[in-house]
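Accompanying notes for the structure given below.
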Amino acid sequence: MSTNASRKNHRGVIVPMVTPLTPRGELDQPAVERLVEFFWKGGVHGVFVLGTTGEGSSVPPLMREWLVRIVADCARGRLLVYAGISNDSARDSAATGNRYFRRGVDAVVAHAPGGYERHPEQSAQYFAEVARQLDGELIIYNMPLTTNVSLPVEVCGEIARKPRVIGIKDSENDAERLEALLQRVGGEESFSVFVGSGALMASGLLRGARGIVPSVGNLAPALCRRLYDCAVQADSQGTEALHRRFMDLAQVYQKGRTLEQSLAALKGAMACLGLCGPDVFPPLTPTAAAERAALAAELTRLGLPELGAHADQYPASVRAEHGWRLRGEAGG
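At position 328 of the sequence shown the residue is numbered 336 (our numbering), and the sequence of numbers has no breaks.
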């Protein structure tokens, strides 16, 4: 049994935020602030910066520090803030995490070191060493698609007992593994399982996962919150219906694309809604105008923003372009 006792409620919808850029490759601070407000108005519980969706490994060190500070300041206790700290050096990961804690983040997130092949026990030792040096709480991140390391369920159970380790974000698209993981650690009061694979989010929540980390939340945070609420209420029919809509939206930027291409397409879709620009970090390449036009058509077909129910979360220029009106506006 885990002996960790978090003072925070690590559960719910945690949006893995993209990292908005200007065309010159600088951090777009107004877009960062706009996104945090967008997520909060959508009812989500937290925001995760510098993860895979946030192109964390490509963000320059000084920009990472700035991004963390801006998001923590904007969240102001309304949202929990999580920040990626992954580095092959446990000492460097912990030092980064401790700087982020001083900036105001609530927990840090680390995946297994990449590079050469490691035995799972070595990954467990790495996480234990990172946690030992941290001044705050750690969530481990299982992401085989980018690390080439799949953390066995037994190892996850071992790591869950380490001090300051309070959860796992599991992005492996394996239903049997997720079921085994939930059976192993899902009942721990002080350890939260967050589902990172979109296809498994509905079933994971219904089977006891504490939360989800959906990239779709960058486009439709309110939809993700409704999905979570339905699952918590054990409304399986409602959950599955919302999950179908959720997956339709995910397919807009994921279908037929590699992970890297989908990250650029997600920013392209967000650009269509005026949330941020389409610019990405090299070696990724941004979507072209024709691709963004196709993305916009798909978003319109799916009725964003939420069939007008959350139009206030979008810039006035975007509302005008799509004909979305607020109460009190001409024609509204």
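No residue lacks a Cβ here, since even glycine has one placed at the ideal position from N, Cα and C.
- Among the bridge pairs identified by DSSP, residue 149 is matched with 119, 177.
- The C-beta distance from residue 39 to residue 285 rounds to 7 Å, short enough to meet the 8 Å contact threshold.
- Per the coordinates, the alpha-carbon of residue 269 lies some 8 Å from the alpha-carbon of residue 293.
- Between the C-alpha atoms of residue 133 and residue 167 there is a straight-line separation of about 8 Å.
- Contact annotation, residue 80 with residue 113: C-beta distance approximately 6 Å; criterion of less than 8 Å satisfied.
- Of the residues 177, 230, 247, 215, the one whose Cα lies closest to the Cα of residue 204 is 177.
- For residue 128, there is no enclosing beta strand (DSSP E); the residue is part of the alpha helix (DSSP H) that begins and ends at 128 to 141.
- Here residue 195 is exposed, its C-beta having fewer than 16 other C-beta atoms within 10 Å.
- Separation of residue 302 and residue 29 (C-alpha to C-alpha, rounded to the nearest whole angstrom) is 22 Å.
- In the DSSP assignment, residue 200 falls within the unbroken beta strand (DSSP E) covering 200 to 203.
- Around the beta carbon of residue 262, 16 or more other beta carbons sit within 10 angstroms, so the residue counts as buried.
- Within 10 angstroms of the beta-carbon of residue 184 lie fewer than 16 other beta-carbons, which makes it exposed.
- For residue 289, there is no enclosing beta strand (DSSP E), since its DSSP letter is neither H nor E.
- Nearest to residue 247 by C-alpha distance, out of 18, 208, 70, is 208.
- Residue environment: residue 298 is assigned as exposed (fewer than 16 neighbouring CB atoms within 10 Å of its CB, all protein chains considered).
- For residue 78, the three-state secondary structure derived from DSSP is helix.
- In the three-state reduction of the DSSP assignment, residue 58 falls in the coil class.
- In terms of Cα proximity to residue 18, the closest of 51, 98, 100, 89 is 89.
- For residue 156, the number of other beta carbons within 10 angstroms of its own is below 16, and it is reported as exposed.
- DSSP, reduced to helix, strand and coil, places residue 113 outside both helices and strands of the structure shown, so it counts as coil.
- Counting the other CB atoms within 10 Å of its CB gives residue 129 a total below 16, which places it among the exposed residues.
- If you draw a 10 Å sphere on the C-beta of residue 287, you find 16 or more other C-beta atoms in it, and that means buried.
- With respect to the C-alpha of residue 138, the residue from 106, 159, 307 having the closest C-alpha is 106.
- Taking the Cα positions, residue 295 is about 15 Å away from residue 305.
- Scanning 152, 174, 164, 122 for the CA closest to the CA of residue 146 turns up 174.
- In this chain, the alpha helix (DSSP H) harbouring residue 229 covers 229 to 240.
- Residues 231 of the same chain have their beta carbon placed closer than 7 Å to that of residue 253, with the five preceding and five following residues left out of the count.
- With contacts defined by Cβ atoms closer than 9 Å, residue 187 and residue 152 do not form a contacting pair.
- Around the beta carbon of residue 206, 16 or more other beta carbons lie within 10 angstroms, which makes this residue buried.
- By DSSP's assignment, residue 220 forms a beta bridge with 21, 203.
- By the Cβ-count criterion, residue 131 is buried, with 16 or more other Cβ atoms from all chains shown falling within 10 Å of its own Cβ.
- Taken atom to atom, the span from the alpha-carbon of residue 27 to that of residue 291 is near 15 Å.
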